[in-house]
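*Asks:* Let me begin by handing over the structure; questions about it come next.
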Amino acid sequence: MEPILRTCGEITYLECPAESLRIASEREALDVVALCGEHSTERLLLDGDCLHPDFFELKTGLAGAVLLKLSNYYIRTAVVLPPERIGSGRFAEFVQETNTGNQFRVFSSVAEAVSWLLR
């Protein structure tokens, strides 16, 4: 399945279902930035399964590298993850902190994620 360009009013965002891509490196994050550019959007909706398991292990540095790349290019990103995938450890703390910002947030439902992206 390919990423899908969605439009709501005058706002567009790129929706990436689980099967559409995999972000396992900083280079792949840059590829996602390029994909957003190709579709002329700065908004991105990612299924949590698009993220490599290393993303959730903060000690690997993948989450930081990916977020830095996305924020450097002003890509507003919403990730949809069920609460059990967030857990209660360091990644949960990371989610709690990033969810106070305006560039990257994690949501438990697609509806919540889209609502935030469209603001």
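Here the working numbering is used: the first residue of the sequence shown is 1144, the next is one more, and so on.
Yeah, the Cβ is synthetic: ideal placement off N, Cα and C, and Gly gets one too.
These numbers come from a predicted model, not from an experiment.
#1: Since I believe Ala-1161 is in contact with Cys-1193 (beta carbons under 8 Å), could you give me their beta-carbon distance rounded to a whole number of angstroms?
#2: Given a threshold of 16 other Cβ atoms within 10 Å of its Cβ, counted over all protein chains shown, does Thr-1184 qualify as buried or as exposed?
#3: Would you say Ala-1221 and Leu-1260 are within 8 Å of each other, going by their C-beta atoms?
#4: What residues in its chain sit with their C-beta under 8 Å from that of Gly-1207, if we drop five residues either side in the sequence?
#5: For Ala-1256, which residues from the same chain have a beta carbon less than 8 Å from its beta carbon, with the 5 sequence-adjacent residues on both sides left out?
*Replies:* According to the structure data:
#1: One-based indexing of the sequence shown puts residue 1193 at position 50. One-based indexing of the sequence shown puts residue 1161 at position 18. So it is a contact: roughly 6 Å between Cβ atoms.
#2: For the purposes of this step, residue 1184 is taken as the residue at position 41 of the sequence shown. Buried is the call here.
#3: Translated into the one-based positions of the sequence shown, residue 1221 becomes position 78. Translated into the one-based positions of the sequence shown, residue 1260 becomes position 117. Contact: yes.
#4: Here residue 1207 corresponds to residue number 64 of the sequence shown, with the count starting at 1. Only residues of its own chain outside the window of five on either side were considered, and among them Leu-1201 have a CB closer than 8 Å to the CB of Gly-1207, listed in chain order.
#5: What you label residue 1256 is simply residue 113 of the sequence shown in a count that begins at 1. Cβ within range, chain order: Leu-1188, Ala-1221, Val-1222, Val-1223, Arg-1248 and Phe-1250.
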